[in-house]
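Take a look at the structure set out below.
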Amino acid sequence: MLAILSALIPTFGLILAGFALRQSRFLPDAFWPGAEKLTYFITFPALLFANTAKADLGSLPITGIAIVILGTAFIKAALTILAKPALRVSDAAFSSIFQGAIRPNTYIGLAVAAALLGERGLTVTALCVALIVPTVNVLSVLACSYWGDNNRKTGIVSVLGDVCRNPLLMACVIGLVANAFGLGLPPILGPFLEVLGRAALPIGLLAVGAGIDLQAAKTAGGPVAASTIGKLVISPAIAVGLSILLEMPPIDTAALAFYAGLPCSASAYVLARLMGGDAKMMASIITVQTLVAIGTMPVLAILLHAA
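Straight run, no breaks: the sequence shown in UniProt numbering ends on number 307.
Pasting the structure below:
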């Protein structure tokens with residue numbers, strides 16, 4: 001237990017440090033959008049490419065990983081839609097709840113995997129990114145287009161185009177191609193990308209903390225609580241159940257459970273605001289899930305370790 005907490009405390013400490021830095025105005029507000037852009041377009045893609053390009057993919061049950069992580073996403077999406085009448089919210093609010101149910105914060109996921117599960121866990125998480133990023137982006141856009149309070153009905157071709165330009169997905173795909181052809185990491189570029197990738201986790205986690213909005217969290221009600229329980233408790237339970245059915249190795253099961261139980265990504269707020277979702281509720285969901293995850297992820301780690 002002490003080893004688990006020692007690994008996770010720095011991860012969530014960086015999130016809280018980002019929140020403290022934002023609140024104290026130690027850094028100007030203009031710093032944070034630039035930090036997020038640097039992380040999203042440069043440092044995280046470098047980390048994902050370097051890890052997938054050099055990974056020993058032959059030792060991984062790739063089909064099983066795909067079934068578990070995609071199965072979890074689709075089951076959770078279906079359960080959320082079935083729960084819509086009981087939630088008693090507007091369609092716009094439901095589109096935000098739907099995003100909160102399926103979108104993971106990849107920054108936290110990679111940091112937790114690196115801290116607890118080593119290279120193999122990090123590789124499994126990178127594969128999850130490659131599979132889930134396009135899936136949840138398409139599902140989220142379709143949900144906002146259908147339930148959002150707007151007249152913008154985004155075509156599937158446009159959605160797929162945006163997904164294909166996602167830098168995190170592109171980094172994973174390019175890294176997987178390099179791995180498949182036995183190219184690995186180039187002699188000079190490889191070490192450069194590995195060093196660059198080391199900046200991804202601290203900057204990304206600080207940015208996550210800076211995005212916490214306690215004012216939005218104060219408006220949290222039943223639907224936000226239901227979304228949080230579903231994302232942080234039910235989703236990892238589904239992933240563990242599917243992993244047991246497929247007899248996945250313990251470390252892969254742990255990586256899949258952690259990824260399934262991540263709080264919602266901040267990018268969900270942008271989509272909600274642009275496509276007629278309930279942006280205020282979306283901000284509340286993101287903040288509450290992020291804060292509650294500080295408690296649930298160590299518990300999940302302890303339960304998985306005990307199992």
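C-beta: ideal position from N, C-alpha, C; glycine also.
As the structure is a computational prediction, the values presented were derived from the model and not from experiment.
Start and end residues, alpha helix (DSSP H) containing residue i
i: Thr219; result: Counting along the chain, Thr219 falls outside any alpha helix (DSSP H), and DSSP gives it neither H nor E.
i: Ile302; result: 279 to 306
i: Cys172; result: 167 to 180
i: Glu194; result: 189 to 197
i: Asp252; result: 250 to 260
i: Ser81; result: Correcting the residue type first, residue 81 is Ile in the shown sequence and not Ser. 62 to 82 is the span of the alpha helix (DSSP H), which, as asked, contains Ile81.
i: Ser96; result: 91 to 102
i: Gly204; result: 200 to 210
i: Val138; result: 118 to 147
i: Lys231; result: Premise fails: Lys231 is in no alpha helix (DSSP H) and is neither H nor E.
i: Gly34; result: 31 to 38
i: Thr52; result: 44 to 54
i: Leu27; result: Careful: Leu27 lies outside any alpha helix (DSSP H) and carries neither H nor E.
i: Ser267; result: 267 to 274
Other residues of its chain near residue i: CB distance less than 8 Å, five sequence neighbours each side excluded
i: Ala279; result: Ser96, Tyr269, Ala272, Arg273
i: Pro236; result: Ala257, Phe258, Ala260, Gly261, Leu300
i: Ala77; result: Phe98, Ala101, Ile102, Leu139
Same chain only: Cβ atoms within 6 Å of residue i, ignoring 5 sequence neighbours per side
i: Ile15; result: Leu205, Val208, Gly209
i: Val136; result: Ile102, Arg103
i: Ala220; result: Ser284, Val288
i: Ala114; result: Leu122
i: Met281; result: Ala93, Ser96
Cβ separation of residue i and residue j, assumed to be a contact under 8 Å, to the nearest whole Å
i: Leu262; j: Pro10; result: Not confirmed; about 17 Å, so no contact.
i: Thr287; j: Ile212; result: 5 Å
i: Leu110; j: Pro298; result: Leu110 to Pro298, Cβ: 17 Å. No contact.
i: Met275; j: Gly64; result: At roughly 34 Å, the Cβ-Cβ gap does not stay under 8 Å, so Met275 and Gly64 are not in contact.
i: Ala239; j: Thr72; result: 5 Å
i: Val138; j: Leu246; result: Actually they are not in contact, since the Cβ atoms of Val138 and Leu246 sit about 24 Å apart, beyond 8 Å.
i: Thr52; j: Asn179; result: 6 Å
i: Ile234; j: Phe12; result: No, Ile234 and Phe12 are not in contact; Cβ-Cβ is about 22 Å, not under 8 Å.
i: Leu304; j: Ala254; result: 5 Å
i: residue 332; j: Thr106; result: Past the edges of the chain, shown from 1 to 307, lies residue 332, and the structure says nothing about it.
Cβ-heavy atom distance, residue i to the ligand NAP, below 8 Å
i: Ala93; result: Absent from the structure shown: the ligand NAP. Ligands present: none.
Cut-off 7 Å between Cβ atoms - residues of its own chain near residue i, not counting five sequence neighbours on either side
i: Ile174; result: Phe49
i: residue 323; result: Coverage of the chain is limited to positions 1 through 307, which leaves residue 323 absent and any answer about it impossible.
i: Ile251; result: Leu117, Arg120, Gly121
i: Ile203; result: Ala35, Leu38, Thr39, Thr43
i: Cys172; result: Leu48, Thr52, Ala126, Val129, Ala130
- Examine the Cβ distances between the stretch 28 to 48 and the stretch 224 to 240 and report whether three or more of them are shorter than 8 Å. no
- State whether the stretch 136 to 149 contacts the stretch 20 to 34, with contact taken as three or more CB pairs (one from each stretch) at a distance under 8 Å. no
- Taking three-plus beta-carbon pairs below 8 Å as touching, is the stretch 124 to 134 in contact with the stretch 29 to 42? no
- Validate contact between the stretch 168 to 188 and the stretch 81 to 99 using beta carbons, cut 8 Å, 3 pairs: no
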